[in-house]
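Trainee: In the numbering used here, the protein residues as written are 25 to 303.
Don't be surprised by glycine CBs; every beta carbon is placed ideally from N, CA and C.
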Ligand code: SF4
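(1) State whether the region 99-114 contacts the region 133-141, with contact taken as three or more CB pairs (one from each stretch) at a distance under 8 Å.
(2) Only counting the same chain, and skipping five residues up and downstream in sequence, which positions put a Cβ closer than 8 Å to that of residue 210?
(3) For residue 152 versus residue 184, is the C-beta spacing smaller than 8 Å?
(4) On the DSSP bridge list, what partners appear for residue 252?
(5) Could you name the residues of the same chain whose beta carbon sits closer than 7 Å to that of residue 33, not counting the 5 residues immediately before and after it, in chain order?
(6) In chain order, what residues of the same chain have a beta carbon less than 7 Å from the beta carbon of residue 110, not counting five sequence neighbours either side?
(7) Nearer than 7 Å: is that true of the beta carbon of residue 105 relative to any heavy atom of the ligand SF4?
(8) Please confirm whether residue 237 and residue 278 have their CB atoms less than 8 Å apart.
(9) Please classify residue 52: does DSSP put it in a helix, a strand, or coil?
(10) In whole angstroms, what is the alpha-carbon distance linking residue 179 and residue 50?
(11) What span of residues does the alpha helix (DSSP H) with residue 180 cover, start to end?
(12) So for residue 126, helix, strand or coil by DSSP?
(13) For residue 243, which residues from the same chain have a beta carbon less than 7 Å from its beta carbon, with the 5 sequence-adjacent residues on both sides left out?
(14) So within the region 85-154, which uninterrupted alpha helix (DSSP H) runs reach at least 4 residues, ignoring any that extend past its ends?
(15) In chain order, what residues of the same chain lie with their CB nearer than 8 Å to the CB of residue 158, ignoring the 5 residues before and after it?
(16) In three-state DSSP terms, what is residue 279?
Put into structure tokens, the structure is as follows:
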């Protein structure tokens with residue numbers, strides 16, 4: 025399979041070689057956690073979600089909170105048949121949703137499987153926003169909720185932290201498209217269909233966060249946002265401290281000024297490694 029499925033457009037045969045995401049042709053899964061409760065309440069619900077953490081990543085931020093799976097790429101390989109068997113093996117009455125976490129490097133493989141399986145709870149596509157619009161359009165027929173990161177505005181920042189000059193150019197279009205494809209539908213406090221836009225505030229980058237919020241305010245109708253304060257240095261990238269209370273308050277105040285009140289605003293104290301699952 026010649027892979028150009030994400031904006032990296034590596035144009036390599038994943039049977040023979042690995043591209044930027046460092047993944048081969050088969051799906052690889054790093055961890056599965058049943059009844060996972062750490063997503064936004066409208067996704068985790070009361071029963072928790074079935075969280076499937078895919079290995080590798082097409083963005084590979086150097087500050088990644090899940091470095092072991094995104095960069096080192098621990099995980100078990102699944103052929104299409106094995107992945108289908110896995111998806112059919114769960115008792116979905118135990119969960120309020122299924123959460124595909126960092127799935128973009130396997131978009132086409134997951135799409136092929138979803139065409140052949142019925143999953144009776146909302147399927148969540150939990151991605152980094154650095155994705156192809158055509159792929160998002162195709163996958164939207166089979167998933168219900170986009171839980172999407174909207175990380176950076178500034179080119180220099182996305183270049184330094186994620187080797188992706190064009191992150192904002194790509195992600196801004198993708199977030200807009202997702203919102204058009206999946207208008208929000210809530211029932212019993214669960215998001216049955218829709219988009220949650222996540223933004224992780226980075227240390228020293230308040231201005232960047234403000235520009236992201238401005239874009240959301242000006243371009244997305246009735247957005248659900250999730251403003252995250254939990255950044256924890258992983259000891260590898262340039263970002264070597266947590267955000268300060270003042271940084272968090274400044275971004276939060278801007279969200280309030282814009283009227284972005286529908287969503288989730290973490291307690292400042294959540295900046296702790298206990299929020300990062302062990303792999
Ligand atoms: S999915 Fe991986 S191999 Fe394919 S284009 Fe993106 S980074 Fe390259």
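Mentor: Concretely, from the data shown:
(1) yes
(2) Correct list, in chain order: 66, 216, 218.
(3) no
(4) 224
(5) none
(6) 102
(7) no
(8) yes
(9) strand
(10) 32 Å
(11) 179-186
(12) coil
(13) Excluding sequence neighbours, residue 243 sits near 200.
(14) 104-112, 131-138
(15) Once the five neighbours on either side are set aside, residue 158 has no close Cβ partner at all.
(16) In the displayed model, residue 279 falls within a helix according to three-state DSSP.
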